[in-house]
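Visitor:
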Amino acid sequence: MTHTAAVSPRPEPVTSRTTEAAAEFPLHRTVAAHVVGGLAGVLRVVSLLHSRRYPVRNLRIDVRDGVVESRVECTVWLTATATALLLERLNRMPAVVSAENV
998 MTHTAAVSPR
1008 PEPVTSRTTE
1018 AAAEFPLHRT
1028 VAAHVVGGLA
1038 GVLRVVSLLH
1048 SRRYPVRNLR
1058 IDVRDGVVES
1068 RVECTVWLTA
1078 TATALLLERL
1088 NRMPAVVSAE
1098 NV
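If you read the sequence shown in the working numbering, its first letter stands for residue 998, the second for the next number, and so on.
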């Protein structure tokens, strides 16, 4: 009686293609924007998030009297590509000094 063992295929090596595909899965990503203009600047950022229907899971706003910049930090459920687009949109806003993925 001859036994033949089933040969399982080798796992596919990690390539840039599989890494790029993995980056397109949505994850909770935290984005921070430094804003001028006090509460009015913060409201512009929040309006962008709302009007573009970004799935915000957490929102933190830090506005202090006498401080030039305010901070808006939010956690959104996005792919890497959508996160890059959000950062691009934020950085184009006149009230936003800088925006980054935290």
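Cβ atoms here follow ideal geometry from the backbone N, Cα and C, with glycine treated the same way.
#1: If distances are taken between C-alpha atoms only, which option among P1091, V1069, E1085 and N1088 comes closest to T1027?
#2: When the distance is taken between beta carbons, is V1032 closer than 8 Å to V1094?
#3: Take A1037 as the anchor and find which of P1091, V1099, T1078 and F1022 has the nearest alpha-carbon.
#4: From A1030 to S1067, what distance separates their C-alpha atoms?
#5: Which one of L1024, G1034 and P1023 has the shortest CA to CA distance from R1061?
#6: Any idea what DSSP makes of T1085, helix, strand or coil?
#7: Is T1080 closer than 8 Å to N1098 when the C-beta atoms are compared?
Guide: Concretely, from the data shown:
#1: Position 30 of the sequence shown, counted from the start, is the residue given in the question as residue 1027. Out of P1091, V1069, E1085 and N1088, V1069 has the C-alpha closest to the C-alpha of T1027.
#2: To locate residue 1094, count along the sequence shown from 1; it is residue 97. To locate residue 1032, count along the sequence shown from 1; it is residue 35. For the pair V1094 and V1032, the CB atoms are nearer than the 8 Å cut-off.
#3: Taking the sequence shown and counting its residues from 1, one reaches residue 1037 at position 40. Closest option to A1037, Cα to Cα, is P1091.
#4: In the sequence shown, counting from the first residue as 1, residue 1030 sits at position 33. In the sequence shown, counting from the first residue as 1, residue 1067 sits at position 70. The alpha-carbon atoms of A1030 and S1067 are separated by roughly 8 Å.
#5: Locating residue 1061 in the sequence shown gives position 64, counting from the first residue. For the residues L1024, G1034 and P1023, the minimum Cα distance to R1061 belongs to G1034.
#6: As a first step, residue 1085 is located in the sequence shown; it is residue number 88 there, counting from the start. For the record, residue 1085 in the displayed sequence is Glu; it is not Thr. E1085 carries a helical assignment under DSSP once its states are collapsed to helix, strand and coil.
#7: For the purposes of this step, residue 1098 is identified with residue 101 of the sequence shown, where counting begins at 1. For the purposes of this step, residue 1080 is identified with residue 83 of the sequence shown, where counting begins at 1. At a Cβ-Cβ threshold of 8 Å, N1098 and T1080 count as neighbours.
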